[in-house]
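The next block holds one structure in the form of C-alpha cells; read it before the comments.
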Amino acid sequence: MRMHGIPKQLLGGCRAYQGSVRPIHGSVAPLGAGGSDTKEHLQGLSGEQQASVAAPLGTSLVVAGPGSGKTRVLISRILHLVQAHDVAPHSIAAITFTNKAAREMRERLEHALGPEAAAQPFIGTFHGLGLSMLRQASSQLPAGCRVRPGFSVADGDAATAMMQRLVKSKAGIDIRQSGARTSAEQKRTVAKQARIILSAISRMKNSVPGYAALKGEQAMLRELMQRRGTELTMQNKIMAREMGWWYEMYRDSLAQSNAADFDDLLSLTVTLLQESEAARCALSRRFHHILVDEFQDTNATQYELVKLLAPVDSLQKGRRSLFLVGDPDQAIYGWRGAIPEQLGERLRTDYPDLKVLTLRDNYRSSSTILAAARAVLGPQSRRLRPMLPHGPALRLHSVLGPTEEGELVARQIRRLQARHGVPLSEVAVLVRTHAQTRAIEEALVRHRIPYIVLGGRTFWQRKEVQDVLAYLRLALAPWDGVALRRIINVPKRGLGPATLAKLEAAGEGSIARALFPPAWPLEGGVEGTVAPTLPLLDRGALGLSAATAKKVEAFRALALGLAAALRSMPLHDALAHIVEATGYLDGAKDAAAEDNDEAVADSKDGRAVGATAEDLPSASSTGEAKEEETAVTLRRRLGQLVEVARLAGEAGAPGLPVADLGLEVESGRDERLEGVRAFLDSCALDAAPDGGEAAARRDSVRVSTMHAAKGLEYAAVFVPGCVEGQIPSPPRENDGGAALREERRLMYVSLTRAKQHLTLLSFLLPSRFIKELEDSGCVLERTEHEDSERRAPHRSHRAAARYQRSRRLNRPEESSSPSVLVADIGGTNARFQVWQLDDVLRPSRLILEKFLPTKDYPTFDDALSAFLADPALAGHAPQSAAFACAGPVARGACTMTNLGWTIDEAEVAARHGLRATVLNDFEAVGYGVPVLPESALLTLHHAPVQDRAPKAVLGPGTGLGEAQLFWDEAVGNYRVCASEGSHATFAPRGWKQRALQAAVQAERGHCSVERVGCGDGLRRIYDFLGSDEPSQYPGRDLGAKRDPAAISAAALDGSDPRAAEALDIFLSIVGAEAGHMALRGLTTGGVYICGGIFPKVLDRVRAGGVAEAFLWRDSRFHDKVLKHIPLFVVLEEKVGLLGTREQAIRLLHQQAEDVSIAT
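When we follow the UniProt record's numbering, the leftmost residue of the sequence shown carries the number 1, and every step to the right adds one.
Right, here's the structure in full:
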C-alpha cells in the first residue's frame, strides 16, 4: 500500500502515515524523472563519505560518529548501487531503527529517483520487514509457534492489558500482603507486576532467537545465563521457573487470540527463515543488497535476522552486499537487549571479509561541545573532527532542585529567543527519566512557552483511533480476541467484567470462541461471505440473565453488520460506517460527562503530548460546553482517520496489492481485504514506540528523554538533572561496570544533540560527569541570575539579604559570595568540604574537598588547621561550619575517645573565628532527609507526603539509629530530635522471630530491636538459623566470614539459602520498626530508612517484605493510620553530609537575624 499522495498537513499533529509498512513488490520500474547523472550522488560528499558510499560490494561497516552525515551516506549508497552498479531498486532493503528515519530516507530517495523508483526498495524497520514476511508465509511456521494466518498484532497497550488480566486471575494477589488496601492501590500493584513480567519476557525474546522452540523455563534460563554470566545459580533457576510460568500463560493468551506481540514479529521471522527453505530461497531471490542503520543498537534476534538476510556465503559469491552503519560510542539500548559488541569481534567472526570505514568529521556541533562530549566518554572514545568553528561556552547552573531547574530553563529559553533569535523548534530539553518532565512542563506552561514531549501519544496511539481500528479488525476477523477485548464494552453497553468472565469460561478461555463459533459469521473463513442469520446463544448454558443476553445479542448483531459493511464498501466508507453504527461519538460524549473524557481530556498528559489549543477542551469549559468540545475534537480526529483510509485506497488502487516475496499465496484471497490488512498493519507499526520525533505541529520546544532524542539535533540543548543517581543512574550489582559505561554513552549522545548552545543543570550532589567536564578543562561558564526566583526551602530571602548587607558593612575585604565549611568525622578519616553559596545562600559549587587520615593528626584542631591552610581556599574563607561526629554530643562538644579528639564549638570559634555547630552523625542524616530530591528515594509504600508534618528516620548500620523530625515555626525548618527507641524490647512476629528473641535473650539477657535490626543483628540472625538444623540449608556455609556484607552478597547471588532467609527476616524486622516509629510520631511526612545495607539489597527490599511488615498490625485502627504514611528507602549515601551542610547554612541565617536584631 503506497501512501505517497497523503499531504502532511492532513494529519496536523499526527505522525505521517508514509513508509511504515511497505509492500515488497517484485516489479521493476525505470528511474523516474528524478534520476540523474551517475556521479551526481557523490557530489557534495567529503572524502571519507565518498569512500564509504563507493565501498566495493561485500560486507562493509561504516563507523559513523554523531553529526557525520550517516543518513546522507546511506541514501547515497542506495543511489550508488542503482546508478553505478545497475542494481534493480526492488532488490534493496534498507532497515532503519525508527519509522521517522524510514520516512526521511524515502522522501529523500523520491527527490533523487522519482516516486516510482523510490517505492521499490523496502525501507522500514526490522518489525515492518518481519510483519510483511509473516503476512505471506505464516502458514509455513512450525506448529509450536501457534500463530495462524490472519493473526493480529498486539500493541503495547494490548499486551499490558492481557498480562494484567493474567496477574489478577492467576497470581492471586493478596491485598494485605502487597500493602494495597484500596482498589486503586491494588490496580497499581497489578500494573507494576505486569510491567516487570513483560519486561522480562521482552528481554528473553530479544536475547534468545530460538526461544519459540523452547519451553518457557528453558528460554528464561538461557536469557538469564547470558545476562548474568555462565554460573547456574539457585537464584537463576528460581527466577527462570517463575518467569517461564508467566511466559507460558502469556503465550497461551496470545494464541487464544491468534495474536503476536511486537517482539514476536522479529523472533517468528527468524524462526520462519530458519525452518523454511522456501522462505529463505524467496528472500534470497528478492533481496541482494541489505543496508542496516544504527547497527550498534541491534539485539541478538535482530542480528540473527541480519545474518539470515545476508548469509556470508552468498556475499562471498559476488553481486551482493551488506552495508552496516553504527557507532559503538552511541550504544544506549543495552537495557533493551542490544549488544554493542556485535560491532566488534562478533561481526568480524561471522563476516571475515568485513571492510571497516570511518566517518570522523562532525558537521553538527561546535568544537566546544565536541570537547565536552569527548571528556564525558573518556580517552577510549573516537576523536571527532569539528567542521564548525568554536562556539559559545558551555553553561553550568547549580540550583536548589527540580522546580528551580524548570524555572531557569524557561527563562533561558526566552533569552535565547530574544538575544540569539533561536526558534522554539530548535530548542530541546533532554531528561534522563520521564519523571523529570513534570517540573519542566509546569515551568513552560507558567511562561506560556509552547512545547511537545517526544515519545508522547501520537495520532495513531490515541484511544479513539485505536478503538475504531479495533472495530475494523473485528469486522475483518471476528475471532480477533485482542480487538474484541478492547471494544466489547466501548461505548458502554453493560457488558462488564462478570459477563466477560462467563463468556470466557464458556469459550474455554476465549470470549471470541463463545460469541462467534468458527462456522459463523463468515462462511468460508475471512475471505468468504457474511452469514445472513444469527444463531442465538444458549443463555442458560452461559449463565446470563435475560437482560444481559439481550445486550450480548445486540453486540453480535453489530459485529455481523460491520463485517458485511467492510465486504461491500470501500475502506474509508467502512470506517465512517463503524463510527456511525457503533454510536462512538455519542458514547464518548457521555463518557466525558461521567469522567471528564479520559480519552481526550487526559489531564495527566494532554499538554505532555504537545496538543495544540484545538486538541483539548479549554480549561474553563464546564458541563455541556466541555462535552461539546470533546465531541468536536473526536469528530475531527476520526475524520482524519477516514480521510487517511480514503487516500490509502486511492494510492494503492487498484486492489491495494499484497506484498510479494515470490512465495506461493493461498488461492481465493480477497485482494481488497488484503489491502485492509495492510492498512491495519501500517497503523499498528505507526502506533509502536518510536524513538523518532513526531511531525512538527508548530514552533514548540521539544521535551524528550535522552533515549528518545537519538538521531535528532537542535541549536540549543538543556540537560537538567545532572545529579548522581540520576545521570548516571544508580549502579547495578555485578555487571562489571557495563551500566556506567552505557550511562556515559547516553550522556555523550545527549551532549552531541546540540549545535551551538549547551546548558547543564544540577542540584544537590552534581553528577560525576560534571566534575569530569571541569577537570578536563572544558569551558564551563557559571553564571548568577539576578532575576532568578529560586527560593531556599522554608527560608526567607530577606534573611539572605540581611546577611549579605551585614558582610558588606563588617567584612568588606571578603568575597561577595559566602562559603561554609562542612566536615564528617569518623574513626578512620575526616572528610572536609568548603562550599560556595549563591545570593540566596544555596550551594553553588564545591570549592575544596579533602579526606584527612585521623591517625596523622593528634588533635582535631591540627586537622582543621591543615585543611584551612590549603591554597585553594584563598579568597574563600568560610563564614560558618558544621561538624558531624560519630559519637554523642553534649553542650556543643563531642569527645571521640577512640581518637583522643574533642570537637568543641567554642574552641573552633576562638581559634578560627568560625561560628560552628557540632552534631551527631545520625542527627546530620535527619537534617539531610528534607532536602533530598525524589530521585534519591525509593518508595516502598505510596501515600501523600504531608507538608511540614512529622518525619521519622531509621538507620540500620553499625547500630540502629532513630530520630524524629518536627517542624519548627520559629526557624522555618525541621528540627531533629534524636531517639534511643531502638533499645526498646524487640516485638517478634511469628514463631521464628519469637525463637530468635529467646536465643538473643539467653545470650545477652535482653533482646532490643537494635540487637536484631543492625548490621551485627543480621549476623545474629544468620547464626541463629544455623544453630538448630543447619542441614535444612543446602549450599555453602559462610563460616568465619559472615559479616553483613558477605551475608547480603550470598543472599543475593543465591549461593546460601540460609543467608537469603536471614536477610529477609532482618528486612522484615526493620520494616516493622519503621511502622512502630510511624505510629509513635504519626509521621505523615514519611518514614525514611537510611544506611548502607538497604541500598545494596534493593532487589530483596522491593520484593515486598519490608512494606508488608511496615503495614502489618493487629489493630484495624493502626492499619487505617499506617496506610496514610509513606515509607521510603534513602538511596543517597551522602545524606548525612547534606544535612551537615544544611546546618552550616542555617548558622548564616541565624547570623543574619542576629545582625538584624542588633541594628
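Idealized CB from N, CA, C, for every residue including glycine.
Q: Using the Cα positions of L291 and R348, report the straight-line distance between them to the nearest angstrom.
A: 17 Å
Q) Terminal residues of the continuous beta strand (DSSP E) containing V822? A) 819 to 825
Q: Can you give me the start and stop residues for the alpha helix (DSSP H) that H707 sits inside?
A: Neither: H707 is in no alpha helix (DSSP H) and is coded neither H nor E.
(Q) For T59 and G65, what's the separation of their Cα atoms in angstroms? (A) 19 Å
Q: Report the residue from F287, K755, L396, T917 whose alpha carbon sits nearest the alpha carbon of H90.
A: F287
Q | C-alpha gap between V723 and S762, whole angstroms | A | 6 Å
Q. Among L129, A137, A1078, R768, which has the Cα closest to the Cα of T96?
A. L129
(Q) So if DSSP puts N489 in a beta bridge, which residue, or which two residues, is it bridged to? (A) In DSSP, N489 forms no bridge with anything.
**Q.** For I1065, the first and last residue of its enclosing beta strand (DSSP E)
**A.** Counting along the chain, I1065 falls outside any beta strand (DSSP E), though it belongs to the alpha helix (DSSP H) covering 1057 to 1081.
Q. For the alpha helix (DSSP H) that S367 lies in, which residues bound it at each end?
A. 367 to 377
Q) Where W901 and A300 are concerned, what is the direct C-alpha to C-alpha distance, given to the nearest angstrom? A) 59 Å
**Q.** 8 Å Cβ cutoff met for D467 and I487
**A.** yes
**Q.** Nearest-angstrom Cβ-Cβ length linking S1068 and G1017, presumed shorter than 8 Å
**A.** No, S1068 and G1017 are not in contact; Cβ-Cβ is about 12 Å, not under 8 Å.
Q) Applying the criterion that 16 or more other CB atoms from any shown protein chain within 10 Å of the CB defines a buried residue, is F851 buried or exposed? A) exposed
Q: Please state if the CB of S257 and the CB of G507 are separated by a distance shorter than 8 Å.
A: no
Q. When the Cα of P878 is compared with those of H577, V834, A1059, which residue comes out closest?
A. V834
Q: Under 8 Å by Cβ, that's how I've got A94 and L74 pegged, so tell me the actual separation to the nearest angstrom.
A: 7 Å
Q) Hey, would you say R702 sits closer than 8 Å to A910, going by beta carbons? A) no
Q | Spatial distance of R556 from V945 (CA atoms) | A | 49 Å
Q: Have a look at K463, A477, G406 and flag the residue whose alpha-carbon is nearest the alpha-carbon of R448.
A: G406
Q) Going by DSSP, which residues form a beta bridge with residue 1170? A) Examination of residue 1170 is not possible in this model, given that the chain is present from 1 through 1159 alone.
Q: Use the C-beta contact count for K492: other C-beta atoms within 10 angstroms, 16 or more gives buried, fewer gives exposed.
A: exposed
Q: Name, in chain order, the residues that DSSP records as bridge partners for G958.
A: A small correction: the amino acid at residue 958 is Thr; Gly does not occupy that position in the sequence shown. Looking at the DSSP assignment, T958 forms no beta bridge with any residue, so it has no partner.
(Q) For the ligand GDP, is there any heavy atom lying closer than 7 Å to the beta carbon of L1067? (A) Within the structure as shown, the ligand GDP is missing, as the structure has no ligands at all.
Q | Ordered list of beta strand (DSSP E) runs contained in the stretch 431 to 460, each at least 3 residues | A | 451 to 453
Q: Starting from the Cα of L1111, find the closest Cα among V1087, I440, D904 and give me that residue.
A: V1087
**Q.** Range covered by the beta strand (DSSP E) that runs through I578
**A.** Unbroken run through I578 is the alpha helix (DSSP H), 571 to 581; no beta strand (DSSP E).
Q: Could you spell out the range, first to last residue, of the beta strand (DSSP E) harbouring H397?
A: 394 to 399
(Q) If distances are taken between C-alpha atoms only, which option among G875, Q164, V889 comes closest to T189? (A) Q164
Q. Roughly how many angstroms separate the alpha carbons of G344 and V356, rounded to a whole number?
A. 10 Å
Q | Coarse secondary structure for V658, derived from DSSP in three states | A | Low confidence applies to V658: its pLDDT is 35, below 50, so where it sits in the model is not reliable, and the reading given next is rough at best. Three-state result, V658: coil.
**Q.** Whole-Å CB distance - G1092 paired with G957, under 8 Å assumed
**A.** 6 Å
Q: Tell me whether I1145 is buried or exposed, calling it buried when 16 or more other Cβ atoms sit within 10 Å of its Cβ.
A: buried
Q. Hey, quick one: how far does the beta strand (DSSP E) through R915 stretch, first residue to last?
A. 915 to 920
Q: Can you check DSSP and say which residues form a bridge with L1127?
A: H941, V1087
Q. E1142 and G928: beta carbons closer than 8 Å?
A. yes
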